[in-house]
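Novice:
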Amino acid sequence: MLHAVPELLEALETRLIQGEDPSVLLANIRWSELVGWPENQAVAKALKQRIVSVQALVMGLQSPLRATLIGLSGSPVYGRDGIPAEAPVLAPRLRERA
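Convert by adding 30 to the 1-based position in the sequence shown; the result is the number in this note's numbering.
(1) Taking 9 Å as the threshold (C-beta atoms), are Leu42 and Leu56 in contact?
(2) If you measure between the beta carbons of Gly66 and Pro36, is that distance less than 9 Å?
(3) Beta carbon of Leu87: closer than 8 Å to some heavy atom of the ligand ZN?
(4) Using CA coordinates, which residue listed in Ala76, Ser83, Val84 is at the minimum distance from Pro68?
(5) Let's see if you can read the secondary structure: which residues bound the alpha helix (DSSP H) around Val82?
(6) Could you pull out every residue in the same chain whose Cβ sits closer than 8 Å to the Cβ of Pro30, ignoring the five residues on either side in sequence?
Okay, here's the thing in structure tokens:
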């Protein structure tokens, strides 16, 4: 079965948005027979942007799972500015030298 790269990305994005498992689609691809690779730089940049969009979609779908696993892990949770939420608040003290 031959797949063109743009159609593959479209099908993958559609499955992710609909909440379907994309592994079935990806498992049935013969990667050596994949066609539709970019022929010039403009098309390559557009294809790269589509891939970045799909990656962002996957990362967004993983966020709730990551948040849940972090909450269950018992490790300190980081708050604002990268400081652990449970760390004591330390106020910096500045002294003037006379």
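C-beta atoms are modelled at their ideal positions from N, C-alpha and C, and glycine is treated no differently.
Specialist: In brief:
(1) yes
(2) yes
(3) Among the components modelled here there is no ligand, and therefore nothing to report on the ligand ZN.
(4) Ala76
(5) 71-103
(6) Shown here, the chain extends from 31 to 128; a query on residue 30 therefore has no answer.
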